[in-house]
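S.K.:
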Amino acid sequence: MLIEMAPLAKADAVPVMPAYKKAGKAQSRSTGADKVSAEATTKRMAWVTQVAAVRDDQDKTAFAELFAYFAPRVKSFLMKSGASPDLAEEVAQEVMVTLWNKAHLFDPSKASVSTWIFTIARNRRIDLLRKQKRPEPEDLPWGPEAEPEQADAMGLQQETEQLGHALAALPMEQRKLIERAYFGELSHSEIAAETGLPLGTIKSRIRLALERLRHTMK
Amino acid sequence: MEMKQIKHHLTESLLLAYSAGTLPEAFNLVVATHISMCDTCRAAAGSYDAVGGEVMLEGAPEEMAENALAATMARIMRADPVDRTPPVRVANAVFPAPLRDYVNGDLGDVKWRKVGGGVSQMVLKTSDDASVRLLRIPAGTAVPDHGHRGLELTLVLQGAFVDETDRFAAGDIEVANEDLNHTPVAEAGADCICLAATDAPLRFNGFMPRLAQRFMGI
């Protein structure tokens, strides 16, 4: 299965990154307009390392760094989603507690740290503001061999970075509509089927990570 | 869950709304159950979560309270040590985990109630902005011709049904709106077990089905 997937992985390859080169696995593909800054991806990989330090060593310094960056952004997101400043402060702290407690569940080949923290914040928002349960998909179990490859993790971080750039480059009106959807202001019927976001590559990269995970489970 | 050959997937707007956290609980349950059976939609949902993460990062950060980090660390230290044992896998379950949570068990634990025409159902308890039920349609039986006022999601868990649009087998989801009038018929073979959610009462065409509608409470 892994061999079958290899051509897809190649076709799907990401722009060259410095650490990638060091690892001796460099592949290049010109991406034209949506070039990802190496610095930004390095920052995302640093978050991944910080979450791993929290997971493995209960590292308070790494946690403090994640807190300094993410807590104010979670708070801002919650306030835009209709929470009062006090509630947003409270929930942002809770979200960071969850990060500490669930660090072992984070998989950098399937999500960036920003993505993962967003899902934690969103779920708390549904609990608190909508007073509903949120059914989650069945977890994929981790096999002993399931620790993701560094290259897979980096590829996903780059893909997420590119997505952020694509979002920022959308026409203002379109971007506002997407933001309003995520702030919880649009119902399902108000959400247009076409977002204009290029999700194809990140989707196939996550799909690949899932294939590999299922392969190791067998 | 064993992965099935799935032909009918979630729509982009449902995936976005699920990621944004704006769907009613009943729809969330159907979406989470489908994603548990479908890696294509799991990857797509992951890409929409990535969009959410980027939207969260874009906003101007809100300053946290002065003692926020210390307060958060204190919460972490107060809490019980984290249980990192992986979730127990239920071997050979028909229902994915999110659905088992609502049924309090698997297919064998469903408390079926007859609703006429050989069809049985179990209504699952969710928030009242939409409703969700398990349906058991005996092989070869038709569900009365009906239209929809709102949105209806029908996920096949076992067996298959055929309607005017196509064939839907285990893992497939039909997304129906007011434009669709259909008569689903369960295929010969196994009983067809579906999870169906709607945000409006179904409209049955004809007098007898309307009577049945009162009994079925749909």
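Note that the protein sequences, when read in sequence, are chains A and B.
Numbering of the first sequence is given in my numbering, commencing with residue 409 and proceeding in unit increments.
Numbering of the second sequence is given in my numbering, commencing with residue 81 and proceeding in unit increments.
Glycine included, C-beta positions come from ideal geometry on N, C-alpha and C.
Are the beta-carbon atoms belonging to residue 141 of chain B and residue 492 of chain A less than 7 Å from one another?
M.R.: Counting from 1 along the second sequence, the entry for residue 141 of chain B is found at position 61. Counting from 1 along the first sequence, the entry for residue 492 of chain A is found at position 84. No, these two residues do not count as a Cβ contact at 7 Å.
S.K.: If I'm right that residue 488 of chain A touches residue 139 of chain B with Cβ under 8 Å, what's the distance once you round it to whole angstroms?
M.R.: What you label residue 488 of chain A is simply residue 80 of the first sequence in a count that begins at 1. What you label residue 139 of chain B is simply residue 59 of the second sequence in a count that begins at 1. Contact check for residue 488 of chain A and residue 139 of chain B: beta-carbon distance about 6 Å, within the 8 Å limit, so the pair qualifies.
S.K.: Roughly how many angstroms lie between the CA atoms of residue 263 of chain B and residue 223 of chain B, to the nearest whole one?
M.R.: Along the second sequence, one-based indexing puts residue 263 of chain B at 183. Along the second sequence, one-based indexing puts residue 223 of chain B at 143. Roughly 6 Å separates the two Cα atoms.
S.K.: Do residue 123 of chain B and residue 452 of chain A count as a contact pair if the criterion is CB distance below 7 Å?
M.R.: For the purposes of this step, residue 452 of chain A is taken as the residue at position 44 of the first sequence. For the purposes of this step, residue 123 of chain B is taken as the residue at position 43 of the second sequence. No; because the gap between Cβ atoms is not below 7 Å, this pair is not in contact.
S.K.: Nearest CA to the CA of residue 201 of chain B: which residue from B:191, B:208, B:253, B:221?
M.R.: Reading the second sequence from its first residue, position 121 is the one you call residue 201 of chain B. The candidate whose alpha carbon is nearest that of residue 201 of chain B is B:191.
S.K.: Does DSSP put residue 146 of chain B in a helix, a strand or coil?
M.R.: Here the question's residue 146 of chain B lines up with position 66 in the second sequence. Here residue 146 of chain B sits in coil by DSSP.
S.K.: Buried or exposed, going by whether 16 or more other CB atoms sit within 10 Å of the CB of residue 437 of chain A?
M.R.: Position 29 of the first sequence, counting from 1, holds the residue named residue 437 of chain A. Residue confidence for residue 437 of chain A is low, a pLDDT of 45 falling below 50, so the modelled location carries little weight and cannot support an answer.
S.K.: Along the beta strand (DSSP E) that carries residue 598 of chain A, what are the first and last residues, could you check?
M.R.: Counting from 1 along the first sequence, the entry for residue 598 of chain A is found at position 190. Unbroken run through residue 598 of chain A: none, as it is neither H nor E.
S.K.: Among all the DSSP beta bridges, which residues are the ones paired with residue 158 of chain B?
M.R.: Residue mapping note: residue 158 of chain B aligns to position 78 of the second sequence, counting from 1. Answer is none; residue 158 of chain B lacks a bridge partner.
S.K.: Report the partner residues of residue 211 of chain B according to the DSSP bridge assignment.
M.R.: As a working mapping, residue 211 of chain B is identified with position 131 in the second sequence. B:278, per the DSSP bridge assignment.
S.K.: What do you get for residue 247 of chain B, buried or exposed, if any count of 16 or more other CB atoms within 10 angstroms of its CB means buried?
M.R.: Walking along the second sequence from the start, residue 247 of chain B turns up at place 167. The residue is exposed, with fewer than 16 neighbouring Cβ atoms inside 10 Å.
S.K.: Quick one: Cα of residue 156 of chain B to Cα of residue 540 of chain A, how far?
M.R.: Locating residue 156 of chain B in the second sequence gives position 76, where the first residue counts as 1. Locating residue 540 of chain A in the first sequence gives position 132, where the first residue counts as 1. Rounded to the nearest angstrom, the two C-alpha atoms are 25 Å apart.
S.K.: Three or more C-beta pairs closer than 8 Å, one from the stretch 176-190 of chain B and one from the stretch 503-514 of chain A: is that the case here?
M.R.: no
S.K.: Answer yes if the stretch 568-578 of chain A comes into contact with the stretch 118-135 of chain B, meaning at least three C-beta pairs across the two stretches below 8 Å, and no otherwise.
M.R.: yes
S.K.: From this set, B:245, B:127, B:221, B:158, which residue's C-alpha is nearest residue 267 of chain B's C-alpha?
M.R.: For the purposes of this step, residue 267 of chain B is taken as residue 187 along the second sequence, with counting starting at 1. Among B:245, B:127, B:221, B:158, the Cα nearest to that of residue 267 of chain B is on B:221.
S.K.: Step through the CB atoms of chain B and report whether any lies within less than 7 Å of the CB of residue 442 of chain A.
M.R.: Against the first sequence, residue 442 of chain A aligns to sequence position 34. Its pLDDT being 46, under 50, residue 442 of chain A is placed unreliably by the model, and nothing is read from it.
S.K.: Just to confirm my understanding: we take residue 176 of chain B, look at its own chain, exclude 5 residues before and 5 after, and list those with CB closer than 7 Å. What are they?
M.R.: Residue mapping note: residue 176 of chain B aligns to position 96 of the second sequence, counting from 1. Excluding positions up to five away in sequence, the list reads 81, 113, 116, 117.
S.K.: Buried or exposed for residue 194 of chain B, please, with buried defined as at least 16 other CB atoms from any protein chain shown within 10 angstroms of its CB.
M.R.: On the second sequence, position 114 is the one that residue 194 of chain B refers to. Residue 194 of chain B is exposed by the Cβ-count criterion.
S.K.: Considering residue 187 of chain B, what are the terminal residues of the beta strand (DSSP E) in which it resides?
M.R.: The residue you call residue 187 of chain B lines up with position 107 of the second sequence. From DSSP, residue 187 of chain B is part of no beta strand (DSSP E); its letter is neither H nor E.
S.K.: Hey, how far is the Cα of residue 433 of chain A from the Cα of residue 517 of chain A?
M.R.: Looking up residue 433 of chain A in the first sequence gives position 25. Looking up residue 517 of chain A in the first sequence gives position 109. Confidence at residue 433 of chain A is low in this model, with a pLDDT of 37, below 50, so the placement of that residue should be treated as unreliable; the coordinate-derived value is given next. Taking the straight line joining both Cα atoms gives about 17 Å.
S.K.: Buried or exposed: residue 87 of chain B, going by 16 or more other Cβ atoms within 10 Å of its Cβ?
M.R.: As a position in the second sequence, residue 87 of chain B is number 7, starting the count at 1. With fewer than 16 other CB atoms across the displayed protein chains lying within 10 angstroms of its CB, residue 87 of chain B is exposed.
S.K.: Assign residue 238 of chain B to one of three DSSP states: helix, strand, or coil.
M.R.: As a first step, residue 238 of chain B must be located in the second sequence, where it is residue number 158. Here residue 238 of chain B sits in strand by DSSP.
S.K.: Does any C-beta atom of chain A lie closer than 7 Å to the C-beta of residue 254 of chain B?
M.R.: Translated into positions along the second sequence, residue 254 of chain B becomes position 174. At a cut-off of 7 Å between C-beta atoms, residue 254 of chain B does not count as an interface residue with respect to chain A.
S.K.: If distances are taken between C-alpha atoms only, which option among A:503, A:617, A:622 comes closest to residue 641 of chain A?
M.R.: An answer regarding residue 641 of chain A cannot be provided, because it is not within the stretch 409 to 626 covered by chain A.
S.K.: Could you name the residues of chain B that residue 459 of chain A contacts, counting a contact when the two beta carbons are closer than 7 Å?
M.R.: Counting from 1 along the first sequence, the entry for residue 459 of chain A is found at position 51. At a beta-carbon threshold of 7 Å, none of the residues of chain B lie near residue 459 of chain A; the nearest stands roughly 14 Å away.
S.K.: Check the Cβ of residue 451 of chain A against every Cβ in chain B and list those closer than 7 Å, keeping chain order.
M.R.: Here the question's residue 451 of chain A lines up with position 43 in the first sequence. Ordered by position in chain B, no residue passes the 7 Å Cβ test against residue 451 of chain A, which lies about 11 Å from the chain.
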